[in-house]
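> Quick one: the structure is below, questions incoming.
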Amino acid sequence: MSQEKEFTLPGNARTADDSLGQATVNSGRRRLLGALGAGAAIAAVQGAAFAAVRKPKSIGRVVIIGAGFGGATAAKYLRKWSNGSIDVTLIERNKQFISCPTSNEVLGGNRAYESLVHGYDKLGKNWGVKLVNASATAVDAEKRRVRTDTAGEFEYDRLIVAPGFDFNFASIEGYDEKARERILHAWKAGAQTLALRQQLVDLPDGGVYALTIPKAPYRCPPGPYERASQIAWYFKQNKPKSKVLVLDANDKIISKEKLFLGVWEKDYAGIIEYTPKWNATGVDAASNTVISELGDRLHADVLNLLPAQRAGDIARAIGIVNVNDRWADIDWITLESTALKNVHVVGDALSAAPLMPKSGHMANQHGKAVAAAIVEIFSGREPQPTLLANTCYSLVDDKRAIHVDSVHRYDPEKKQPLVVAGSGGVSSAPSVEEGLYTRAWAETIWKDVLA
Amino acid sequence: MKQVLPLLALLAAGTAVAAGPAGSDGKAPAKPALSAASAAAVPYAVANCFNCHGTDGKTSAAIPPLAGRDRVYIEETLKAYKSGAKPATIMHQLAKGYTDEELAVFADYFSQQK
Chain A
1 MSQEKEFTLP GNARTADDSL GQATVNSGRR RLLGALGAGA AIAAVQGAAF AAVRKPKSIG
61 RVVIIGAGFG GATAAKYLRK WSNGSIDVTL IERNKQFISC PTSNEVLGGN RAYESLVHGY
121 DKLGKNWGVK LVNASATAVD AEKRRVRTDT AGEFEYDRLI VAPGFDFNFA SIEGYDEKAR
181 ERILHAWKAG AQTLALRQQL VDLPDGGVYA LTIPKAPYRC PPGPYERASQ IAWYFKQNKP
241 KSKVLVLDAN DKIISKEKLF LGVWEKDYAG IIEYTPKWNA TGVDAASNTV ISELGDRLHA
301 DVLNLLPAQR AGDIARAIGI VNVNDRWADI DWITLESTAL KNVHVVGDAL SAAPLMPKSG
361 HMANQHGKAV AAAIVEIFSG REPQPTLLAN TCYSLVDDKR AIHVDSVHRY DPEKKQPLVV
421 AGSGGVSSAP SVEEGLYTRA WAETIWKDVL A
Chain B
1 MKQVLPLLAL LAAGTAVAAG PAGSDGKAPA KPALSAASAA AVPYAVANCF NCHGTDGKTS
61 AAIPPLAGRD RVYIEETLKA YKSGAKPATI MHQLAKGYTD EELAVFADYF SQQK
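The listed protein sequences correspond, in order, to chains A and B. Per the UniProt record's numbering, the first sequence runs over residues 1 to 451. Per the UniProt record's numbering, the second sequence runs over residues 1 to 114.
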């Protein structure tokens, strides 16, 4: 795409190459002098400042499968932190980025769907990422090649696998392709978000909506509880006789428990009914009835099922899923798969460290961590563990939000990041201020990932 | 060129500490330096902040931008969040995840962004 674009050479790029001519060596010296003169300014050379002296010698090629919060962030930061000296090819099957975070607001009628939808073009224009709109179908780890369905093959020095999750639909018997046409999950934002919103709009006052939650881990721990809150808010304004039934396979609300319970008791009493330890294992689509592990049957007018989740199918196809047949185990310094060399994993697909959520925010942090590690490796330095932080906001009505946050630091003995003692926590109470921050968070992280 | 490489790496590492050795500019308080173990081309951990405060601290949304703000102000504010002296919605919780040295490096990085 924008490979024609020229970049200034970074301070940390490998400039030595026997095949280079004298001119390059000289320009290397000039750059060195420039670096000395500019002192510490090297790190500031980035983004728009790429304004064109010459295209840098490539120090390595990275191919990324999946342009969600993790993969797209990795692409941008590989380019940014290598000052354009790492070739980055980003393979994504969707033409646009559709944000899961804040999509529950669409269900509640508090956000326009269009605001979730973003283009990938700025990753090319601003950063020189090569965008490939295709589906990765296989990886030859020996030859270091990724095969795609429509765009041919791509060679890599390092591969980043960022496929998000896929459902294990078999975890809910009867939830087959036909049933899925009408009984939605809407847990990947997109057409299902709009379709579920329409089902809620079409629901008569007094109708029942039921949401099932799988056992953790799953994408976005507070997400189901936020969804229940958003839909309860919508019902309260428009369909006060309607109900939100939350059927949770977990023993209790697994994120911001007291805050959600507080809001539900105060604002949504008589609307939200919460049942823990209700593990949905079957569905009778014809009668819109969900069936629990213990044989309980529950009918709802709108059923919203969240089956069990696991690393995206491509991760399984590549052979990097090695934890409980569900997630990909990684080295926490490089985020490299423990199953395949030169293959890194970010986002929901990896086997998370303790108390680390599968969130867009965390996937973005993984993307930066893997970018840092690969820049260091390609620059001939030893990658160091970096810190990871998480913030998950949940909107509990049209204005107020609550959060949970944490900072994760690598523990050399346990060889994984652990929450820093004393760091992190939750809101003291829902607030309008945090509601404003939630929307600002979304606007800002979308840019941090994509622009 | 082979000899140049380590030098470039050193320079890059120098950028990690963002402003060279402590006190080398003659101003007080001394500018921060990360330990050798964490020295890298960029203080990567500062990107922890970018999700909410924008890439390099640049944002026009409701969460305050940090780019180009006074280094000492950012550093002291972060430390006040960390100690609990300054109340916040979330920063009092996040600041506790970092050492004073790291907060100083973050402050220095943001203060240099234009």
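Beta carbons: idealized from backbone N, C-alpha and C, even for Gly.
(1) Scan the UniProt domain "Cytochrome c" (33-114) of chain B and note each continuous alpha helix (DSSP H) run of 4 residues or more that stays entirely inside, going in chain order.
(2) Could you name each continuous alpha helix (DSSP H) segment of 4 residues or more that falls completely within the UniProt domain "FAD/NAD(P)-binding" (61-181) of chain A, going from the start of the chain to the end?
(3) Relative to the C-alpha of Tyr410(A), which residue among Ser394(A), Arg400(A), Ala389(A) is closest?
(4) Pick out whichever of Val42(B), Ala45(B), Asn51(B) has its Cα sitting closest to the Cα of Tyr393(A).
(5) Consider the Cβ of Gly54(B): report whether some Cβ of chain A lies at a distance smaller than 7 Å.
(6) Please list the segments of the alpha helix (DSSP H) lying wholly inside the segment 336-381 of chain A, counting only runs of 4 or more residues, in order along the chain.
(7) Is Tyr81(B) close to chain A? Criterion is C-beta to C-beta, closer than 7 Å.
(8) For the alpha helix (DSSP H) containing Asp284(A), list its first residue and its last residue.
(9) In chain order, what residues of the same chain have a beta carbon less than 7 Å from the beta carbon of Lys96(B), not counting five sequence neighbours either side?
(10) For residue 452(A), collect the residues of the same chain with a Cβ closer than 6 Å to its Cβ; drop the 5 residues on either side in sequence, then sort them by chain order.
(11) Any beta carbon from chain A within less than 7 Å of Thr99(B)'s own beta carbon?
(12) Does DSSP classify Gln198(A) as helix, strand or coil?
(13) Provide the residue span of the alpha helix (DSSP H) that contains Asp438(A), from first to last.
(14) Any C-beta of chain E sitting closer than 7 Å to the C-beta of Asn364(A)?
(15) Considering Lys266(A), what are the terminal residues of the alpha helix (DSSP H) in which it resides?
(16) Please report whether the beta-carbon of Thr59(B) lies at a distance below 7 Å from any beta-carbon of chain A.
(17) Kindly indicate which residue of Ala311(A), Arg147(A), Ala372(A) has the alpha-carbon position closest to the one of Trp332(A).
(18) Would you call the segment 158-175 of chain A in contact with the segment 55-72 of chain A, where contact means no fewer than 3 C-beta pairs closer than 8 Å?
(19) Take Ile231(A) and list the residues in its own chain whose beta-carbon comes closer than 7 Å to its own, dropping the five residues that flank it on each side.
(20) Rounded to whole angstroms, what is the Cα-Cα separation between Pro385(A) and Asn48(B)?
(21) Using a Cβ distance threshold of 8 Å, determine whether the segment 121-136 of chain A contacts the segment 85-97 of chain A, with at least three qualifying pairs required.
(22) What are the start and end residues of the alpha helix (DSSP H) that includes Ala232(A)?
(23) Which word fits Gly380(A), buried or exposed, when buried means at least 16 other C-beta atoms lie within 10 angstroms of its C-beta?
(24) Measuring only the C-alpha atoms, how far is Thr193(A) from Leu184(A)?
(25) Under three-state DSSP, which class holds Ala189(A)?
(26) According to DSSP, which residues form a beta bridge with Gln309(A)?
(27) Contact check, Asp329(A) vs Ser351(A) under 8 Å by CB: the rounded distance?
(28) May I ask which residues mark the beginning and end of the beta strand (DSSP E) holding Asp411(A)?
(29) Can you grab the Cα-Cα spacing for the pair Pro222(A) / Ile402(A), in whole Å?
(30) Who are the near neighbours of Arg144(A) in its chain, counting only those whose CB is closer than 8 Å to its CB and skipping five residues on each side?
(31) What residues of chain A sit near Ile63(B), judged by a beta carbon separation below 8 Å?
Short version:
(1) 50-53, 71-83, 91-94, 100-112
(2) 69-81, 103-108, 121-127
(3) Along the first sequence, read from residue 1 onward, the residue named residue 410(A) stands at position 410. Considering only alpha carbons, the answer is Ala389(A).
(4) As a working note, residue 393(A) is residue 393 in the first sequence. With respect to the C-alpha of Tyr393(A), the residue from Val42(B), Ala45(B), Asn51(B) having the closest C-alpha is Asn51(B).
(5) The count along the second sequence starts at 1 and reaches residue 54(B) at position 54. Among the residues facing chain A, Gly54(B) is included, as its CB has a counterpart in that chain under 7 Å away.
(6) 360-378
(7) Residue 81(B) sits at position 81 when you count from the first residue of the second sequence. False, the Cβ-Cβ gap to chain A never drops below 7 Å.
(8) Counting from 1 along the first sequence, the entry for residue 284(A) is found at position 284. That residue, Asp284(A), is in no alpha helix (DSSP H); its beta strand (DSSP E) goes 280-284.
(9) Position 96 of the second sequence, counted from the start, is the residue given in the question as residue 96(B). Correct list, in chain order: Lys82.
(10) Beyond the ends of chain A as shown, which are 1 and 451, falls residue 452(A); an answer cannot be given.
(11) What you label residue 99(B) is simply residue 99 of the second sequence in a count that begins at 1. No, its Cβ sits nowhere closer than 7 Å to a Cβ of chain A.
(12) Here residue 198(A) corresponds to residue number 198 of the first sequence, with the count starting at 1. The answer is helix: DSSP assigns Gln198(A) an H, G or I state.
(13) Counting from one through the first sequence, the residue named residue 438(A) turns up at place 438. In the sequence as presented, Asp is not what sits at residue 438(A); that position holds Thr. Where Thr438(A) is concerned, the enclosing alpha helix (DSSP H) stretches over 432-450.
(14) Of the protein chains in this structure, namely A and B, none is chain E.
(15) The residue given as residue 266(A) occupies position 266 in the first sequence. 257-267 is the span of the alpha helix (DSSP H), which, as asked, contains Lys266(A).
(16) Position 59 of the second sequence holds residue 59(B). Answer yes: the Cβ-Cβ gap between Thr59(B) and chain A drops below 7 Å somewhere.
(17) On the first sequence, residue 332(A) is found 332 positions in, with the first residue counted as 1. Cα-wise, what sits closest to Trp332(A) is Ala372(A).
(18) yes
(19) Locating residue 231(A) in the first sequence gives position 231, where the first residue counts as 1. Correct list, in chain order: Leu107, Gly108, Leu200, Tyr209, Val244.
(20) Residue 385(A) sits at position 385 when you count from the first residue of the first sequence. Residue 48(B) sits at position 48 when you count from the first residue of the second sequence. Each residue's Cα considered, the two are about 13 Å apart.
(21) At 8 Å Cβ cutoff, the stretches touch.
(22) The residue labelled residue 232(A) in the question sits at position 232 within the first sequence. Taken as a continuous stretch (DSSP letters only), the alpha helix (DSSP H) holding Ala232(A) covers 223-238.
(23) As a first step, residue 380(A) is located in the first sequence; it is residue number 380 there, counting from the start. Taking all protein chains shown into account, Gly380(A) has fewer than 16 neighbouring C-beta atoms within 10 Å of its C-beta and is therefore exposed.
(24) As a working mapping, residue 193(A) is identified with position 193 in the first sequence. As a working mapping, residue 184(A) is identified with position 184 in the first sequence. Computed Cα separation, rounded: 9 Å.
(25) As a position in the first sequence, residue 189(A) is number 189, starting the count at 1. If DSSP states are grouped into helix, strand and coil, Ala189(A) belongs with coil.
(26) Residue mapping note: residue 309(A) aligns to position 309 of the first sequence, counting from 1. Bridge partners of Gln309(A): Phe167(A).
(27) For this step, residue 329(A) is matched to residue 329 along the first sequence. For this step, residue 351(A) is matched to residue 351 along the first sequence. Indeed, because the Cβ distance is near 5 Å, the residues count as touching under 8 Å.
(28) Position 411 of the first sequence, counted from the first residue, corresponds to residue 411(A). Judged by DSSP secondary structure, Asp411(A) falls within the beta strand (DSSP E) whose first and last residues are 401-411.
(29) For the purposes of this step, residue 222(A) is identified with residue 222 of the first sequence, where counting begins at 1. For the purposes of this step, residue 402(A) is identified with residue 402 of the first sequence, where counting begins at 1. Their Cα atoms are separated by approximately 10 Å.
(30) Along the first sequence, read from residue 1 onward, the residue named residue 144(A) stands at position 144. The answer, listed in chain order, is Glu155, Tyr156, Asp157, Leu159, Asn342.
(31) Along the second sequence, read from residue 1 onward, the residue named residue 63(B) stands at position 63. Under the 8 Å cutoff, chain A gives Tyr437, Ala440, Trp441, Thr444.
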